[in-house]
Amino acid sequence: MAFNIPGTPRLIAPSFVGPSYAREAPRPITVDEIHELTHQFGDAAVRMQKAGVDGVEVHAAHAHGMLGGFLTPLYNKRTDEYGGSLDARMRFLLEVIAEIRERCGKDFIIDVRISGDEYTDGGLTLNDMIYVSRRLEKAGVDMIHVSGGTTIKRGSAIPAAGTQQASHAACSREIKKHVNIPVATVGRINEAWIAEELIEDGAADICMMGRANLCDAEFCNKAAAGNADEIRPCIGCLRCLNGIMFGKRISCTVNPDVERDEAGYEPAAEAKNVLVVGAGPAGMEAAYIAAKRGHNVVLVDKQDEPGGEMRIAAVPPAKQELTRVIKYQYRRLAEAGVKCVFGTELTAEDIQRDYAGYEVVLAYGAEPIAPAFMQGFKQVMTADDLLGGKAFPGKKIVIVGGGTVGCETADYLAPLVNDLSPANRDVTVIEMTKTLAANEGGAGRAVLITRMLSKGVHVLTEAKVTEITEDTISYEKDGEVHTIAGADTLVLAMGYRPNTKLADDLAAAGVAAHVLGDANKCGNIRDAIGDGYKVACEL
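Per our numbering, the sequence shown runs over residues 34 to 572.
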């Protein structure tokens, strides 16, 4: 069990320096308060020991909390015995370890979590942490858990989707060479083969997997049984972390059970025939759960393969892991006995004729918003058509809409600034609000925008497109009208609206239907899968 006493952004901190997200300047903690906190750490460990816990993990990583804050030179500017040199900055941590050991005994496990490198100018380096690790071993620590980064460098501590897997393994590998106690590593270890390779290759003795186990609590059991392909894939989207950071209910994009008070579903009281229209994330989830509950399910989609809009969402950089979700959802359909029919677009008449008496579930998605006045430009395409391979852009591109889709499309189109063979594309994003990718949360948003800007994408926020001609795009910003000339491609990423035609036609014919996912209300993949789960449980 891990525990930590938060230091920042609360009123007290190692010194007067706080992180950028602090709402007030902290005051330095006094020496007497340090001693009191040390005793409280011991109290907490004793309570855990009495509860039957075998050990504790002391969190001193990420320049986070009081212990991480004391250890890092980023926040510890003290000039007393607890600041200055690395030995002095370690003093608080070592006193906490000594307190726990004295009060809980030699057989109580103490693990310390550290950042193997803070990856930040002026922060702790790998060489620093090799020294810290050796000191921790001498102090009687039983295991070292090597993470990395800081809370202020977004995406460094808990890496976002599309970033390096096993992101801190290089640090754990090096630290392991210098200590004789077990060393753990962490950081986007979301597939069983990665963990096995890290241990076999000597990068670590133990692999820590937080998000992967939240996504599938049976991860380790499935891997041990040789059923790794049955593991529900964690895509590293940080949806779970956003709930923690912002005080909301913890949820998972791929596993709707995470936010339910009681996981699982009951068998259906009566088996029914169920037709699901649309094989996107909502439709596949609904079909699977309905079949597992005992219903006879047919899934029909107009496309030739499953995935729906998720196939398009997987195209931009860092989104490729969505293909794992598609494969996982589709594989389960066969297991559950769902009959899948692809390449068939159903009309209301088809459903009345061929599926009379079926419970009808509509999950066929949404359509991009494409205002008529923007169609006059010489080459116009939606982001969906571009990412889906139905349209090909030119060299000077203007994207209208700076939400997640618009920014991901810009990221996909723009060349790297150091690319030896650049695509020579010039990309501009026009966003009406002041915030880019406002519907993307946490570190994932920071990583996306940083990468996009590093590729030279031009950004115009608080700008509204006012006029489109065949050759020009005019927009208003700060009360002035500006015109972009010379662009050859206009990409629309202005959001989506539910496609209601089939639902309306069925309603007019008196056929009841459950409408879910983007066909009901446009949202994200988590909303779609959650809708599919909920509706299927109610059939």
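Positions of the beta carbon are idealized from the N, C-alpha and C atoms, including for glycine.
Anticipated Cβ contact below 8 Å, residue i with residue j, distance rounded
| i | j | result |
| --- | --- | --- |
| Ala96 | Gly102 | 6 Å |
| Arg206 | Ala236 | 4 Å |
| Leu157 | Leu100 | At roughly 13 Å, the Cβ-Cβ gap does not stay under 8 Å, so Leu157 and Leu100 are not in contact. |
| Glu473 | Thr437 | 4 Å |
| Glu495 | Lys534 | Actually they are not in contact, since the Cβ atoms of Glu495 and Lys534 sit about 35 Å apart, beyond 8 Å. |
| Val393 | His491 | Incorrect: roughly 47 Å between the Cβ atoms, too far for contact. |
| Ile501 | Met407 | 5 Å |
| Glu509 | Thr499 | 5 Å |
| Val91 | Arg146 | 7 Å |
| Leu247 | Cys240 | Not a contact, Cβ separation roughly 15 Å. |
| Tyr108 | Ala46 | 6 Å |
| Arg478 | Ala470 | 5 Å |
| Pro266 | Arg357 | 4 Å |
Identity of the residue in the options nearest residue i by Cα
| i | options | result |
| --- | --- | --- |
| Gly376 | Glu338, Tyr391 and Arg386 | Glu338 |
| Arg365 | Pro531, Phe49 and Ala319 | Ala319 |
| Tyr529 | Gly421, Glu230, Glu170 and Asp551 | Asp551 |
| Arg56 | Thr63, Asp161, Leu44 and Cys204 | Leu44 |
| Asp175 | Cys137, Arg146 and Pro215 | Pro215 |
| Gly435 | Ala304, Glu135 and Asp444 | Asp444 |
| Asp564 | Glu69, Lys281 and Thr286 | Thr286 |
| Gly75 | Gly85, Glu128 and Glu229 | Glu128 |
| Asn557 | Gln197, Cys137, Ser284 and Lys210 | Ser284 |
| Ile562 | Glu229, Tyr321 and Val348 | Tyr321 |
| Arg559 | Ala381, Leu355 and His328 | Leu355 |
| Ala424 | Cys373, Ala369, Ile345 and Gly477 | Ile345 |
| His211 | Cys253, Val165 and Asp249 | Val165 |
| Ile430 | Asp417, Gly422, Leu446 and Gly421 | Leu446 |
| Pro314 | Lys428, Asn329 and Leu549 | Leu549 |
| Ala245 | Gly427, Ile268 and Ala257 | Ile268 |
| Ser48 | Asp418, Gly98, Asn532 and Gly398 | Gly98 |
| Asn275 | Pro448, Gly543, Asp238 and Gly188 | Gly188 |
| Leu523 | Gly259, Glu90, Leu231 and Gly409 | Gly409 |
| Thr196 | Ile222, His178 and Lys171 | Ile222 |
| Lys411 | Pro426, Gln198 and Gly421 | Pro426 |
| Val330 | Lys83, Ser487, Leu572 and Leu107 | Leu572 |
| Ala193 | Glu299, Arg484, His178 and Gly259 | Arg484 |
| Ala324 | Gly341, Lys335 and Pro300 | Pro300 |
| Lys209 | Ala190, His515, Ile227 and Ile163 | Ile163 |
| Ala190 | Ala476, Ala540 and Leu539 | Ala476 |
| Ala520 | Gly311, Ile506 and Ala540 | Ile506 |
| Glu503 | Val413, Glu229 and Gln73 | Val413 |
| Thr140 | Glu151, Gly155 and Gln82 | The identity of residue 140 in the sequence shown is Asp, whereas the question assumes Thr. Selected option, being the one with the closest Cα: Gln82. |
| Gln336 | Leu493, Ala261, Tyr566 and Leu379 | Leu379 |
| Asp417 | Tyr388, Thr461, Val348 and Lys352 | Val348 |
| Asp262 | Ser180, Glu295 and Tyr361 | Tyr361 |
Residue i vs residue j beta-carbon contact at 8 Å
| i | j | result |
| --- | --- | --- |
| Tyr115 | Ile67 | yes |
| Ala217 | Ile133 | no |
| Val433 | Ile482 | no |
| Met465 | Lys497 | yes |
| Thr153 | Thr183 | yes |
| Gly316 | Val307 | no |
| Ala94 | Ser148 | yes |
| Arg293 | Ala569 | no |
| Ser200 | Gly220 | yes |
| Arg168 | Met123 | yes |
| Ala555 | Ala399 | Per the sequence presented here, residue 555 reads as Cys, with Ala not at that position. Yes. |
| Asp249 | Asn213 | no |
| Leu332 | Cys373 | yes |
| Ala257 | Ile264 | no |
| Ala304 | Asp334 | no |
| Leu525 | Ala403 | yes |
| Ala381 | Leu539 | yes |
| Asp161 | Leu126 | no |
| Gly390 | Ile359 | no |
| Asp238 | Cys204 | no |
Residue i - partner residues in DSSP beta bridges
| i | result |
| --- | --- |
| Gly266 | This sequence places Pro at residue 266; Gly is not what is there. Pro266 is not bridged to any residue. |
| Asp334 | Phe375 |
| Asp459 | Lys429 |
| Asn557 | DSSP output for Asn557 lists no bridge partner at all. |
| His328 | According to DSSP, His328 bridges with nothing at all. |
| Asn306 | Asn329 |
| Val548 | Leu395 |
| Ile45 | Arg60 |
Sequence ranges, alpha helix (DSSP H) only - wholly within the segment 142–186, length at least 4: Within the segment 142–186, the complete alpha helix (DSSP H) runs of at least 4 residues are 159–171.
In chain order, each beta strand (DSSP E) run of at least 3 residues that lies wholly inside the segment 358–439: Counting whole runs of 3 or more residues, the segment 358–439 contains the beta strand (DSSP E) stretches 372–375, 392–395, 399–401, 413–415 and 429–433.
Those runs of the beta strand (DSSP E) which lie wholly inside the segment 206–261 and span at least 3 residues: Runs of the beta strand (DSSP E) inside the segment 206–261: 216–218.
Continuous beta strand (DSSP E) assignments of at least 3 residues falling wholly in the segment 485–540: Here the runs fully enclosed are 491–493, 496–501, 505–510, 513–518, 522–525 and 529–531.
Whole alpha helix (DSSP H) elements within the segment 59–107, 4-residue minimum: Note on the segment 59–107: whole alpha helix (DSSP H) runs with a minimum of 4 residues are 64–83 and 98–104, in chain order.
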